[in-house]
Amino acid sequence: MDEFAAETKVEWREWGPEAFERAAGTNKPLLLSLTVPWSPECRAMDRGVFGEPRIAANINDGFVPVRVDADRNPLVRERYTMGGFPSTVFLTPEGEVISGSTFLGPEGFRGILDSVREAWDAKGTAAGSVPRQLQDEAPPAGELRPRIEEHMVEQLLGAFDEEYGGWGSDVKFPLARTIEFALVRARDQATRTLEAVQTHLLDTYDGGFYRYATGRDWSNPRREKLLDENAALVRAFAHGYRYTGTEAYRDTAMRTVEYLTTELWTGDAFAGSQAGDDDYYQASPSDREDADPPHVDTTVFADRNGLAIDGLLWAHAYTDDERAKRKAERAREYVCTQLVDEDGAVIHDDAADSHRGLLIDQAGLLQGLTTSWQVLGEGGPAEAVADWGVDHRQQESGAFRDGPDEGAGLCGRSLHPLDSTVELADALVDIAALTGEDRYREVARDAIESFAGAAERMGVEVAGYASVAARLQDPQRLVVGTEAGTDLHRAALRLADHETTVVPDPDGDGVARRHEGETVTAEGETPAELDAALTGGA
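Here is the structure:
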């Protein structure tokens, strides 16, 4: 249970079969509180609602209260979140949803307690229902076609905010993977969005990016800082620097590397998040110096560290920054020794009771390991992690499910998360090129095709899906016939399109060759020759 639960007056239980058995035995609904350590609203609700004696007594008497740290329990989070945190969800003893809400004050919370009690008294377990995302056994499959990429480009053009940059007309998320997709297809949109993110979401004093802006003009940022989102933006800004040569993008990437390797560094790997605190972040630099910084959740999450390794190593590849390389290597060593078992199953975090083999962790860590292989020539247990994920998480339809087919509440029901599928498929495309094993590419194709029937309904927030679809239809790899770290290899990393896999081959003949499918389309024996071959002398 999370460390803030003790501050409330509710008699919280752990998520698990015992809580549901108690609900059934006492004929009471469950009250599920989904919280995260980085949200100020979660703390406010703890103080103002769950810390209020009469409300707490009402909960303790009429419900079976269960507390879940959503970061540490992604299976529960994906099935029960109400769209933000905190999420309070009322469940039947079978785990079906009666009602739910995000943040509520005392009066609003009393109102929802009364309405849930009325529904329960009138209908009992019939008051619950299964969330829509859990009603279908498999996503809508289809054929992998060029139209997927074309549709996403159309979505970029239609959703771009010409006045303020970014995509959308209200809340603005940085959408790092969408920026990367646009870098090679709508460069002006990508660079204008990078500039907006850099101007409005970067904490120029302590470093690190805030999560998103609530205003269309990127105003009123939400000031939580999450490891995975910062890691993704390090990579996006590094790729932006690679394509444009803009020093400001390089500086922003490296400033964020500094934040990750100081404020979020645990001594072994990267911490999960830092809480938002408007009073602190809006204070002057001198006042910040005298104040305690916001809470850092020092939990080491495998998936988020994988993405941090990925981002830092691309930053190193383009800048030769040694700090980024050293910390990525140390995090990789820690995660691979402490959070990967002998079979290749990844443990979600470094707590004693953590989950094993979740799709989100197999995907996130594999992303970091394949990048490590490309940049450093060291992939660690990449093949074992890939094989375990394929063997245990892919279903007959080709789709990946997020966890095992058992668990309390609705956690045993199939859920096929698009984001994690894209992350894993992207890494499988890389490992296919790195190992020469086409079976990984076929698995990735099956997974992407399992969602292709919904491709025409996808928006810019999942542009990464179209990127992987394009990579599968036009596979490119740049094989460098030297060990990693040579001048030729370093040049290849900086010259290759970021959707091309760079394959260091220490047993090669000293020549770098770009393969498009089975055809060699460019080659060079020196950095200058490779540059001329890849750019046409431009």
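Sequential numbering of the sequence shown, starting at 1314, is according to my numbering. All residues carry an ideal CB built from backbone N, CA and C; glycine is no exception.
In the DSSP assignment, what are the bridge partners of residue i?
| i | result |
| --- | --- |
| residue 1778 | DSSP output for residue 1778 lists no bridge partner at all. |
| residue 1789 | 1829 |
| residue 1484 | Paired residue(s): none; residue 1484 is not in a bridge. |
| residue 1526 | 1485 and 1534 |
| residue 1660 | 1669 |
| residue 1610 | 1586 |
| residue 1712 | Bridge partners of residue 1712: none, in fact. |
| residue 1550 | DSSP lists no partner for residue 1550. |
| residue 1835 | 1827 |
For residue i and residue j, what's the separation of their Cα atoms in angstroms?
| i | j | result |
| --- | --- | --- |
| residue 1619 | residue 1746 | 19 Å |
| residue 1563 | residue 1550 | 7 Å |
| residue 1731 | residue 1599 | 44 Å |
| residue 1467 | residue 1775 | 13 Å |
| residue 1636 | residue 1721 | 43 Å |
| residue 1802 | residue 1536 | 39 Å |
| residue 1493 | residue 1808 | 16 Å |
| residue 1798 | residue 1804 | 10 Å |
| residue 1697 | residue 1667 | 20 Å |
| residue 1851 | residue 1748 | Caution applies to residue 1851, whose pLDDT of 46 falls short of 50 and renders its modelled position unreliable; the value that the coordinates give is listed next. Near 32 Å, if we compare the C-alpha coordinates of residue 1748 and residue 1851. |
| residue 1585 | residue 1571 | 16 Å |
| residue 1469 | residue 1621 | 26 Å |
| residue 1627 | residue 1547 | 8 Å |
| residue 1658 | residue 1670 | 5 Å |
| residue 1483 | residue 1472 | 11 Å |
| residue 1712 | residue 1762 | 8 Å |
| residue 1421 | residue 1602 | 38 Å |
| residue 1347 | residue 1687 | 38 Å |
| residue 1416 | residue 1342 | 20 Å |
| residue 1378 | residue 1605 | 32 Å |
| residue 1786 | residue 1539 | 33 Å |
| residue 1729 | residue 1452 | 7 Å |
| residue 1355 | residue 1442 | 26 Å |
| residue 1566 | residue 1409 | 44 Å |
| residue 1322 | residue 1369 | 6 Å |
| residue 1714 | residue 1390 | 15 Å |
| residue 1430 | residue 1325 | 19 Å |
Give the range of the alpha helix (DSSP H) segment to which residue i is assigned.
| i | result |
| --- | --- |
| residue 1622 | 1615–1632 |
| residue 1733 | 1731–1748 |
| residue 1400 | Counting along the chain, residue 1400 falls outside any alpha helix (DSSP H), though it belongs to the beta strand (DSSP E) covering 1400–1404. |
| residue 1518 | From DSSP, residue 1518 is part of no alpha helix (DSSP H); its letter is neither H nor E. |
| residue 1330 | 1330–1339 |
| residue 1567 | 1560–1575 |
| residue 1428 | 1419–1436 |
| residue 1701 | 1695–1706 |
| residue 1452 | Note, residue 1452: premise wrong, no alpha helix (DSSP H); not H, not E. |
| residue 1651 | 1635–1651 |
| residue 1802 | 1800–1808 |
| residue 1445 | No alpha helix (DSSP H) contains residue 1445, which DSSP labels as neither H nor E. |
So what does DSSP say about residue i, is it helix, strand or coil?
| i | result |
| --- | --- |
| residue 1599 | helix |
| residue 1504 | helix |
| residue 1851 | At residue 1851 the pLDDT is 46, less than 50, meaning the model places this residue with poor confidence; the figure from the coordinates comes in the next sentence. Of the three classes helix, strand and coil, the one that applies to residue 1851 here is coil, per DSSP. |
| residue 1359 | helix |
| residue 1324 | coil |
| residue 1686 | helix |
| residue 1478 | coil |
| residue 1318 | helix |
| residue 1457 | coil |
| residue 1539 | strand |
| residue 1578 | strand |
| residue 1680 | helix |
| residue 1365 | coil |
| residue 1471 | helix |
| residue 1499 | coil |
In terms of residue numbering, what span does the beta strand (DSSP E) encompassing residue i cover?
| i | result |
| --- | --- |
| residue 1380 | 1377–1382 |
| residue 1346 | 1343–1348 |
| residue 1815 | 1814–1817 |
| residue 1756 | Residue 1756 -> not in any beta strand (DSSP E); alpha helix (DSSP H) instead, spanning 1751–1762. |
| residue 1410 | 1410–1414 |
Using 7 Å as the cut-off, classify the Cβ of residue i as near or not near the heavy atoms of the ligand ATP, replying yes or no.
| i | result |
| --- | --- |
| residue 1631 | Only the bare structure without any ligand can be found here, which leaves the ligand ATP out of the picture. |
Counting Cβ pairs, one atom from each stretch, are 3 or more of them under 8 Å apart for the region 1691–1698 and the region 1625–1641?
no
Below 8 Å, can you find three or more Cβ-Cβ pairs linking the region 1811–1825 to the region 1503–1514?
No, the region 1811–1825 does not touch the region 1503–1514.
Report yes or no: do the region 1443–1452 and the region 1699–1706 share at least 3 C-beta pairs separated by less than 8 Å?
Taking one beta carbon from each stretch, the region 1443–1452 and the region 1699–1706 have fewer than 3 pairs nearer than 8 Å; the two do not touch.
Validate contact between the region 1469–1481 and the region 1527–1534 using beta carbons, cut 8 Å, 3 pairs
yes
Between the region 1599–1612 and the region 1674–1683, are three or more C-beta pairs nearer than 8 Å?
With a cut-off of 8 Å, the region 1674–1683 and the region 1599–1612 do not count as touching, because too few Cβ pairs lie within range.
Is the number of C-beta pairs between the region 1575–1587 and the region 1826–1838 that are closer than 8 Å three or more?
Contact fails: fewer than three Cβ-Cβ distances are below 8 Å.
Tell me whether the region 1316–1324 and the region 1353–1368 touch, counting them as touching only if at least three CB pairs, one residue from each stretch, are closer than 8 Å.
yes
Could you say if the region 1427–1436 and the region 1454–1465 meet the contact criterion of at least three C-beta pairs nearer than 8 Å?
no
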